[in-house]
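Numbers 1 to 596, taken from UniProt numbering, label the letters of the sequence shown in order. Idealized CB from N, CA, C, for every residue including glycine. Inspection log for the structure reproduced underneath, given as structure tokens.
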Amino acid sequence: MDDPYEDRSMPADSTGNNYEPDDLHDLENMKPQEVDYYAVLNLSKAASEDEIKDSYKRLSRIFHPDKHSDPALKEAAETKFHIINKAFEVLSNPQLRTAYDEYGEEGLNTKWEVGHKVKTTHELREEYARLAREKREMELESLVRSRSDITINVNATRVFRNQEILSPFGGTAYARKNSGSILSALKRTEIMQLYMKNSFETQFGPRTQFIVAGQMTARSGMGGGNVVGTVRHAFSEKLSIELGSSLLKPRIGVFKGTYSIDPLTFITGTAQVRNFQGPAPLAMTFGRRITKGATGYMTYRTGEWAIGKWGPVLERRREFSSLALGVSSQGEDRSYQVEVQTGIMQSHLSLDHTWKLDRSTMIRVGGSLSTTAGINASIGGDRKVTEHTKVGLAVEVGLSGGVAFNIKVKRLGQSVTIPIVLAAEFNPKLAFWATVVPICVVTALDIGYVKPKRRKERAEKIQELRKVHADFIATQKKEAEEAVELLRESTIRKMRQEQEKDGLVILEAFYGNLNAAPELGLVVDVKIPIQALVNNSQLIMPAGHSKTHIMGFYDPCLGEKKQLRIKYEFQRRLHEVVVADLASVAAPVRSHLLAQ
């Protein structure tokens, strides 16, 4: 069951050997980052108004153009002072700061109609979120989204089953093992059923959607289909309804409503009208979030039922009542669902668990114990092979249902599913090989083709990025060098003060790809900027902000993993630390290397 409350730096080594192939997606979408106003003022996002003012005054004393007589430094100071003033202008204004926190520079460039200026910060955030949501909904108003699902059921049991030789006198004389080429064996497969569904969805307003879906089923040369139209409307953030009806026979009508009692609790009801010979079967679901990522739910289905003489008698009913209790959890790295159902004709216990191995790969394991289908188990996985294409493989085994192998390919809103029945009865040997062979093939393909291909693409992408952003990188380098010169005099004074009290003195500091050869120029000296961040023998750097936004820093190796190596003296003792982020500095040195 879907959770209605679900919220739906590259490694080093420029030779391309030490990295994760999944980072290619980041490289393809990489672009220079916007200026971080919090980093400009060396503040955290939780900084108070007084901290903003104090930081602005301190930086103004250093970067004010009148403080420098050298023409080149004076010009550089004017540029830096303009950025500092802009950061102070935004962060000292509650409305501008709220818009910037939520939407960055785009929020500052958008005209927001948010009412009077005496609203609280929380109220302003809610107002901005509402306006942004309505803006996105209006942009989608005329957009038609298409989805397509194709399922091809294949029967391959004759490929793995021994051939039966019929006696001329009737009956089976003997059975022999399959022989011949692979092609002749594959010819014995047959398509049992073909199912196709296509749907189009469009907006008729900020809160109304219209969906048209067509479906078709063919089996042994015979089949049928239907077209279903559905209108979905949200009356408010709490209440939404859905009305649907088939346009061809058999006529089926569906009514569905969802109501959020509070931010953690919801209730959903569904009624399916097939004819007027009896009351519509109902399904009611009550759910509540029980932990941060898990939702518990209870679903009651009436099945076919009767009121007096209106409705089918018990012997002619095809669906019966049931009650299900379950827990569904959706997390970043894993998700699971556990459900227990009890009913008149069918009861079951099911469990599904999904692990996310990396950005592109997911593994699923599931199992069920049912009064009608017995014991079933499944194992499978999905792999993202391109930015928009995902391939999934799964094996399903049932003690009474045989062995089936599933292949699924998804691209954008289109999917093709091919369930292949390998054996009509349980076959341990076939189940083993159906699991092992695909894993070996996929692993070999991943190691022998996919990863080398992505390695090559990543190296090419890094070179392309450096060419495309060459002017930007050169500008950032020039601005960083200017900032270092502007900081040098005040930083040297601060360093002497620290030396006099045996405090924290930065001896060396380098930032970039520390594993690269020095002649590649992928490392920058950041001793002065780091020492400038020292205050009362503590290194203060706002967490969660890019170092490239701090005065004197820039990205010397766009697209690669960067590290920070610091050699420092504290209380006349030498230390050295190499970190990817100051927040990860080891506990023994946190007392004087503090990231906050």
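Rounded C-beta distance between residue i and residue j? I'm assuming under 8 Å.
i    : j    : result
L522 : Y568 : That pair is no contact at about 23 Å.
D352 : G366 : 4 Å
Y297 : G287 : 4 Å
P263 : W305 : Wrong, their Cβ atoms sit about 34 Å apart, outside the cutoff.
V227 : S246 : 7 Å
F255 : A234 : F255 to A234, Cβ: 15 Å. No contact.
G205 : T217 : G205 to T217, Cβ: 34 Å. No contact.
L325 : V340 : 5 Å
K74  : H82  : Their Cβ separation, rounded to whole angstroms, is 13 Å, which puts K74 and H82 out of contact at 8 Å.
N376 : V409 : The pair is not a contact, with the Cβ atoms about 24 Å apart (cut-off 8 Å).
V416 : I150 : 5 Å
A483 : K80  : 6 Å
Taking a contact to mean a Cβ-Cβ separation below 7 Å, would you say residue i touches residue j in this structure?
i    : j    : result
A87  : L41  : yes
I420 : G559 : no
A517 : I566 : no
F405 : V395 : yes
Q538 : M495 : no
F553 : L504 : no
V450 : N427 : no
S347 : S368 : no
I152 : I418 : yes
S184 : R147 : no
R383 : T361 : yes
T342 : S321 : no
Y37  : V90  : yes
CA-CA distance, residue i and residue j?
i    : j    : result
S400 : T157 : 15 Å
F63  : K478 : 16 Å
E113 : H575 : Note that E113 scores a pLDDT of 45, beneath 50, so its modelled location is shaky; the value from the coordinates is reported in the next line. Straight-line Cα distance between these residues: approximately 54 Å.
E190 : L248 : 30 Å
T208 : Q337 : 31 Å
D70  : E485 : 11 Å
I84  : Y56  : 7 Å
R364 : V441 : 18 Å
R411 : E78  : 51 Å
L239 : L96  : 33 Å
P168 : E425 : The predicted position of P168 is uncertain, since its pLDDT is 49 and thus under 50; a value taken from the coordinates is nonetheless stated next. Their Cα atoms are separated by approximately 28 Å.
N155 : F472 : 59 Å
E319 : T202 : 34 Å
L520 : E460 : 16 Å
T475 : C557 : 14 Å
R488 : D50  : 26 Å
V526 : Q330 : 42 Å
F160 : K429 : 11 Å
S378 : Q414 : 24 Å
N536 : E498 : 8 Å
Q563 : V212 : 53 Å
S335 : G381 : 14 Å
A434 : E242 : 42 Å
E481 : V524 : 10 Å
R458 : M196 : 38 Å
I52  : L445 : 54 Å
L166 : K187 : Unreliable positioning characterises L166 in this predicted model, as indicated by a pLDDT of 45, which lies under 50. The coordinate reading is nonetheless provided below. Straight-line Cα distance between these residues: approximately 21 Å.
Here's the rule I'm using: 16 or more other beta-carbon atoms within 10 Å means buried, otherwise exposed. How should residue i be labelled?
i    : result
T268 : buried
P529 : buried
V578 : exposed
V437 : exposed
I307 : exposed
P281 : buried
S328 : buried
T372 : exposed
E387 : exposed
S220 : exposed
S236 : exposed
G512 : buried
D358 : exposed
K48  : Residue identity check: residue 48 is Ser in the sequence provided, not Lys. Classification for S48: exposed.
I261 : exposed
K117 : Because the pLDDT at K117 is just 41, under 50, the model does not fix this residue reliably, and the value given afterwards should be weighed accordingly. It is exposed - the Cβ of K117 has fewer than 16 other Cβ atoms within 10 Å.
Continuous beta strand (DSSP E) assignments of at least 3 residues falling wholly in the segment 222 to 264: The qualifying runs are 222 to 234, 239 to 246 and 253 to 262.
Every unbroken alpha helix (DSSP H) inside the segment 42 to 110 [4 residues or more]: If only complete runs of 4 or more residues are kept, the segment 42 to 110 shows the alpha helix (DSSP H) at 49 to 63, 71 to 91 and 94 to 108, in order along the chain.
Contained beta strand (DSSP E) runs [length at least 3] in the segment 487 to 558, N- to C-terminal order: Runs found: 504 to 512 and 523 to 525.
Those runs of the alpha helix (DSSP H) which lie wholly inside the segment 376 to 409 and span at least 4 residues: The segment 376 to 409 contains no whole alpha helix (DSSP H) run of 4 or more residues.
Runs of beta strand (DSSP E) lying entirely within the segment 279 to 349, each at least 3 residues, in chain order: If only uninterrupted beta strand (DSSP E) runs of at least 3 residues are considered, those enclosed by the segment 279 to 349 are 282 to 289, 294 to 301, 322 to 330 and 334 to 343.
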